[in-house]
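Here the structure comes first, spelled out in C-alpha cells, and everything after it is commentary.
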Amino acid sequence: MSTGIVATASLILLLVLIMAGVHLSTSLMFASILGVFLTTGRFSTAMNVLAQSAWGQVRSYMFGVIPLFVLMGLLANLSGASKDLYDAASLLLKRVRGGVAIATVVANAIFAAITGVTVASAAIFTKIALPQMTRLKYDRRFALGTIAGSAILGMLIPPSLLMIVYGSQADVSIGKLFVGAVLPGIVMTAAFIVVVLMMGKFKPDYIPEVQALTDEEQANFWRVVLKPWPIVLLIIISLGGIWLGFFTPTEAGGVGAFGAFLIVVFKGKFNLKDFSSTLIESGSTAGSVLILMVSASTYSKMLSMCGVINVIRSFVESINVAPIVVILVFIAILMALGCILDSTSILLLTTPLMCPVVADLGFDMVWFGIVMIIAIETGMITPPFGMNVFTVKSSVYGMEGMDNITVNDIFAGSTPFLLAMVVVDLLCVFVPQMITLLPAMM
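According to my numbering, the sequence shown holds residues 1034 to 1475 in order.
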C-alpha cells in the first residue's frame, strides 16, 4: 500500500475515532501503530516505534516540569490564593466602573501564572466572582462571559501545559516559550480590561454604577490588598529565575511547588487528607499528559515515515504566496479546529504537520508556538464545544437565579473576549517582537 494512501487513511481514522468519543491518546496510538504497520508490513516495527517514543518521553528531563507546575498550582489553590487574589483586585478596582469584572480578569491573569490550566480557572472563578457580580446587578450573560473569556489566560500566561506540550513536540526551549508569552499575556489581559471598560461605556445597563467603599473596606483596605503577596512573590521568583537564567523550567517548577507548599503550611491550610488528594491529582494529570505525549510522538514518527511532511512542504513551495499568508492560513485552520476539538488534541495533531513548514519558511519557532496557542485557545469559548463555556455552565448549577442560564447565553457573553483574542493574535503575528523581545534578552 502506498504511503500516501496510508497517511490519508490514518488521518481520517484518527479524526473519526476522536469524533466518536475515543480518548485522544488511544486514537493517536491506534492510528499510528496501524499506519506504521501498513507502511512497513511489520508489526514488530510498529511496536519498536512505540517503544522508542515511550522511552524518549519518560526519560526526558524536560517532562519533569509538568508534574511540578501542576503541583504548584494545586497547592496554591489549596492555600486559598485564588480567593485572596480576587478579593485584593476587587477591592483595589472598586472605584472603577466594571471594577469587579476587571478584578476577575486581573485575578485570572495572576492565578494563571501558577495554574497553567484554563478549565480550572473557569471553575474556580465562577464560584468566587459570579456571586459578587450577580449581587451588584451585572448583566448575567456578560458576567458569565467575562469569567469564561478571561479564564483562557490560564493557557497563555506561563506556566502553561500547552507550551510544555508544544515545546516537547516541536523541540523548542520551554523556558523561552514561558518568557516569550509574558508580554502577549499582559497585552491579552489589557485587551480584556479594555473590553470591560468599553462595555461600561457603550452598554451601561450591563455594568452597575461605581459604589463607594464601606467603612469596613476602608479599614481593611491594605490588609486585603497585600494579603496575596506570598503568591505574587512566588510567581516572580519562579518566572524571574527562568528569565535570568538561575533556574531551568524544571528547577523553577520544583522551587514553585516547594514555595506553594510552604504557603499552605504557614497559612494553616495543611492537612494530610487534602495534601494526599493534591498529590494524587497532580500525578493523575501528569500521567495523562505523558501518555498523550507518547502517543503524539508515535503519531509524528508515523507521519514522517509516510512522507506527509514532505508533501506539505512541497505544496507550500508550489503555491507561491508570501510566507505570512501561510501563517494566516494555519491560524484560520487552528481556529476552525477549535470549534470541534479540544486544545490539546489540536496541538498534538497539528504541531508535527505545521512546524516543519514554518521552520522551512524561516520563522522563529518560539514566536509561532505562542501564536499557535492563542489561536487554539479561541476554541475554548467558541461553539459548539467551547470547554470553558461548558465548565462555567456546570459550575453555576444550583446557584440561585441561574436555573435558566443556557450555554448560548455564555457563548454570547464571551463574544467580545473572543474578538479581543483574535486581535491580539494578529498583533503578535505582525509585531513578532512582542514575543521574541524577552527571550532574546535571556
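From the three backbone atoms N, C-alpha and C, an ideal C-beta is built for every residue, glycine too.
Straight-line CA distance for Val1258 to Val1152? Spanning the two alpha carbons is a distance of roughly 26 Å.
Please give me, in chain order, every unbroken run of the beta strand (DSSP E) with length at least 3 that falls completely inside the segment 1040 to 1064. Positions of the beta strand (DSSP E) runs, each at least 3 residues long and wholly inside the segment 1040 to 1064, cannot be given because no such run exists.
Which of the three DSSP states is assigned to Val1150 in this structure? Here Val1150 sits in coil by DSSP.
In whole angstroms, what is the alpha-carbon distance linking Gln1202 and Ala1245? Approximately 51 Å, taken between the alpha carbons.
I'd like the ranges of any alpha helix (DSSP H) spanning at least 4 consecutive residues and lying wholly in the segment 1390 to 1425. For the segment 1390 to 1425, whole alpha helix (DSSP H) runs of length 4 or above, ordered along the chain, are 1398 to 1410.
Does the distance from the CB of Leu1169 to the CB of Pro1241 come in under 9 Å? In terms of Cβ geometry, Leu1169 and Pro1241 form a close pair [threshold 9 Å].
Just to confirm before moving on: does the CB-CB distance between Ala1121 and Lys1260 stay below 9 Å? In this structure, Lys1260 lies closer than 9 Å to Ala1121 by Cβ.
Just to check my reading of the structure: Ala1140 and Tyr1119 have Cβ atoms closer than 8 Å, yes? What is that Cβ distance to the nearest angstrom? 4 Å between Cβ atoms; contact.
CB of Ser1112 within 9 Å of CB of Val1265, strictly: Contact flag unset, no.
Considering only residues of the same chain and omitting the five flanking positions on each side of Arg1128, which have a CB-CB separation below 7 Å? So the qualifying residues of the chain are Val1243.
Three or more C-beta pairs under 8 Å: does that hold for the segment 1406 to 1415 against the segment 1450 to 1461? By the criterion of at least three beta-carbon pairs nearer than 8 Å, the segment 1406 to 1415 is in contact with the segment 1450 to 1461.
Looking at Leu1046 and Leu1067, is the spacing between their C-beta atoms short of 9 Å? Result yes, Cβ atoms of Leu1067 and Leu1046 sit closer than 9 Å.
Tell me where the alpha helix (DSSP H) around Met1105 begins and ends. That run of the alpha helix (DSSP H) goes 1098 to 1111.
With DSSP run on the structure shown, which of helix, strand or coil describes Cys1339? Note: Cys1339 maps to helix in three-state DSSP.
In this structure, how does DSSP classify Ser1271 when only helix, strand and coil are distinguished? In the three-state reduction of the DSSP assignment, Ser1271 falls in the helix class, which pools H, G and I.
In whole angstroms, give me the CA-to-CA distance for Ser1347 and Pro1389. Cα atoms of Ser1347 and Pro1389: separation of roughly 12 Å, rounded to the nearest angstrom.
If you run the structure through DSSP and keep just helix, strand and coil, what is Cys1372? Of the three classes helix, strand and coil, the one that applies to Cys1372 here is coil, per DSSP.
Asn1441 lies in the alpha helix (DSSP H); which residues open and close that run? Counted as a single uninterrupted DSSP element, the alpha helix (DSSP H) harbouring Asn1441 occupies residues 1440 to 1463.
Report the rounded CA-to-CA distance for Ser1007 versus Phe1254, giving the unit in angstroms. An answer regarding residue 1007 cannot be provided, because it is not within the stretch 1034 to 1475 covered by the chain.
I need the boundaries of the alpha helix (DSSP H) containing Asp1238, first residue and last residue. Looking at the DSSP string, Asp1238 is not in any alpha helix (DSSP H), and its letter there is neither H nor E.
Return the first residue and the last residue of the alpha helix (DSSP H) that Ile1207 is part of. In this chain, the alpha helix (DSSP H) harbouring Ile1207 covers 1207 to 1213.
Beta-carbon spacing of Ser1328, Ser1065 below 9 Å: For the pair Ser1328 and Ser1065, the CB atoms are nearer than the 9 Å cut-off.
Starting from Val1129, trace the alpha helix (DSSP H) both ways and give me its first and last residue. Per DSSP, Val1129 belongs to no alpha helix (DSSP H) and is neither H nor E.
Could you check the C-alpha separation between Val1055 and Asn1081 for me, to the nearest Å? The C-alpha of Val1055 lies about 24 Å from the C-alpha of Asn1081.
Report the CB separation of Leu1216 from Met1467 in whole angstroms; it is logged as a contact under 8 Å. Indeed they touch by this definition, with Cβ atoms about 5 Å apart.
Under 9 Å between C-beta atoms of Leu1459 and Tyr1199: Not in contact: Leu1459 and Tyr1199 (Cβ atoms no closer than 9 Å).
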